[in-house]
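Undergrad: This is the structure I have questions about; it appears just below.
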Amino acid sequence: MHTDPIYRPRKRLFIGVLLFACLLVLVVAFLVWWIPSVGLANIHPSLPLLFGSILGAVVLTTLGGLTLLILTLLTGRDFFFSDYMRGIVIKYLFPAIIALGRCCGLDRDTLQQSFIALNNQLVRARKLRVPADKTLILLPHCIQMFDCEIKITGDVNKCVRCGKCDISGLAQLAEEFGIPIAVATGGTLARKIIVERRPRFILAVACERDLTSGIRDSYPLPVVGVLNRRPHGPCFNTMIVLNEVRQVLKEHVLPPKT
Ligand code: SF4
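Take the sequence shown: its position 229, counting from 1, is numbered 228 in numbering that gives the first Met the number 0, and each next residue is one higher.
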């Protein structure tokens with residue numbers, strides 16, 4: 000098991016990019032209104048006002064969404080009272096912000112870490128408590144020791160818990176909480192597992208890239224992402240901080256009935 004302290008990515012970076020996005024929306028909206036308005040006034044004097052009103056409504060909606068997101072992130076409370084709005088944020092706004100951050104020269108991994116942390120906060124703000132059998136722990140196969148002879152894809156319980164990799168601790172934890180656990184070798188298998196098991200809450204362990212796409216693809220299913228550690232390089236004998244997984248489960252999973 001990896002013993003790093005629990006990793007806390009920088010939320011402020013993403014909030015900074017969000018504020019920059021607000022400014023950009025205002026500047027672009029002004030230019031989009033001002034440039035054609037000169038010509039529109041020649042067609043009819045009231046056209047600039049009409050065009051300005053429509054544009055203003057679009058800008059206010061966008062700024063409202065960005066402001067709600069910043070407030071949710073700063074306070075930890077859920078200001079997105081509808082799944083529809085939360086969906087727009089996760090599916091479209093976050094990726095747009097990541098693209099904007101990339102244009103500003105920010106590191107992709109760092110931005111994706113922020114995305115995952117902020118998604119986790121949005122899930123946390125909903126204060127979900129899900130029965131253990133409606134929860135799913137989804138793992139990447141690279142967590143298994145590369146030369147382990149047991150094929151655990153499909154059934155983690157085949158692991159004999161020799162302790163050479165983190166599958167052992169995770170299987171133990173899943174058993175303790177009574178939660179189903181699965182290993183996916185890629186996005187397609189992960190989707191198949193989700194369709195078959197129909198969980199109401201997923202704890203997914205993976206790298207930045209896979210978690211970012213997994214969270215987006217799985218929406219509206221709430222997914223908390225836990226980053227794996229890669230001391231031996233990507234996709235090879237990766238590790239997790241078991242306590243990080245335990246904390247998420249304690250927060251979102253109802254204790255098994257006795
Ligand atoms: S803990 Fe399980 S999966 Fe990992 S090396 Fe040992 S038997 Fe294989």
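Glycine is no exception: its CB is placed at the ideal position from the N, C-alpha and C atoms.
Under the criterion of a Cβ to heavy atom distance below 8 Å, does residue 151 qualify as lining the ligand SF4?
TA: Your numbering for residue 151 matches position 152 in the sequence shown. At least one heavy atom of the ligand SF4 is nearer than 8 Å to the Cβ of residue 151, so yes.
Undergrad: Check residue 252 in the structure and name its three-state DSSP category.
TA: Indexing the sequence shown from 1 puts residue 252 at position 253. DSSP places residue 252 in strand when its eight states are reduced to three.
Undergrad: Using only the heavy atoms of the ligand SF4, determine whether one of them is closer than 8 Å to the beta carbon of residue 249.
TA: By 1-based counting over the sequence shown, the position of residue 249 is 250. False, no ligand heavy atom lies under 8 Å from that Cβ.
Undergrad: Do the CB positions of residue 204 and residue 254 come within less than 9 Å of each other?
TA: In the sequence shown, counting from the first residue as 1, residue 204 sits at position 205. In the sequence shown, counting from the first residue as 1, residue 254 sits at position 255. For residue 204 and residue 254, no; Cβs fall outside 9 Å.
Undergrad: Nearest CA to the CA of residue 70: which residue from 144, 181, 15 and 54?
TA: The residue you call residue 70 lines up with position 71 of the sequence shown. Taking only the C-alpha atoms, the option nearest residue 70 is 15.
Undergrad: Helix, strand or coil for residue 97? Go by DSSP, reduced to three states.
TA: Numbered from its first residue, the sequence shown carries residue 97 at position 98. If DSSP states are grouped into helix, strand and coil, residue 97 belongs with the helices.
Undergrad: Using a beta-carbon distance below 9 Å, is residue 211 in contact with chain C?
TA: The structure shown contains no chain C, having only a single protein chain.
Undergrad: For residue 105 and residue 32, I'd like the C-alpha separation in whole angstroms.
TA: What you label residue 105 is simply residue 106 of the sequence shown in a count that begins at 1. What you label residue 32 is simply residue 33 of the sequence shown in a count that begins at 1. Looking at the two C-alpha atoms, the distance is approximately 30 Å.
Undergrad: Is any heavy atom in the ligand SF4 found nearer than 8 Å to the beta carbon of residue 228?
TA: Counting from 1 along the sequence shown, the entry for residue 228 is found at position 229. No, the beta carbon of residue 228 sits no closer than 8 Å to any heavy atom of the ligand SF4.
Undergrad: Let me know if residue 5 comes out buried or exposed under the rule of 16 or more other beta-carbons within 10 Å of its beta-carbon.
TA: Here residue 5 is taken as the residue at index 6 of the sequence shown, counted from 1. Since pLDDT at residue 5 reaches only 43, below the 50 mark, its modelled position is unreliable, and the value read off the structure follows with that caveat. Exposed is the call here.
Undergrad: Give me, in chain order, the residues of the same chain whose beta-carbon lies closer than 6 Å to that of residue 229; leave out the 5 immediate sequence neighbours on both sides.
TA: Counting from 1 along the sequence shown, the entry for residue 229 is found at position 230. Closer than 6 Å at Cβ, skipping near neighbours: 237.
Undergrad: Identify which residue in 242, 68, 58 and 135 has its Cα closest to the Cα of residue 178.
TA: Numbered from 1 along the sequence shown, position 179 holds the residue referred to as residue 178. Cα-wise, what sits closest to residue 178 is 135.
Undergrad: Whose C-beta lies closer than 6 Å to the C-beta of residue 132 among residues of the same chain, with five residues either side of it excluded?
TA: Counted from its first residue, the sequence shown places residue 132 at position 133. Same-chain partners within the cutoff: there are none.
Undergrad: Who are the near neighbours of residue 234 in its chain, counting only those whose CB is closer than 6 Å to its CB and skipping five residues on each side?
TA: Start at 1 with the first residue of the sequence shown, and residue 234 comes out as number 235. If we look at residue 234 and ignore the five residues flanking it on each side, its Cβ neighbours are 141.
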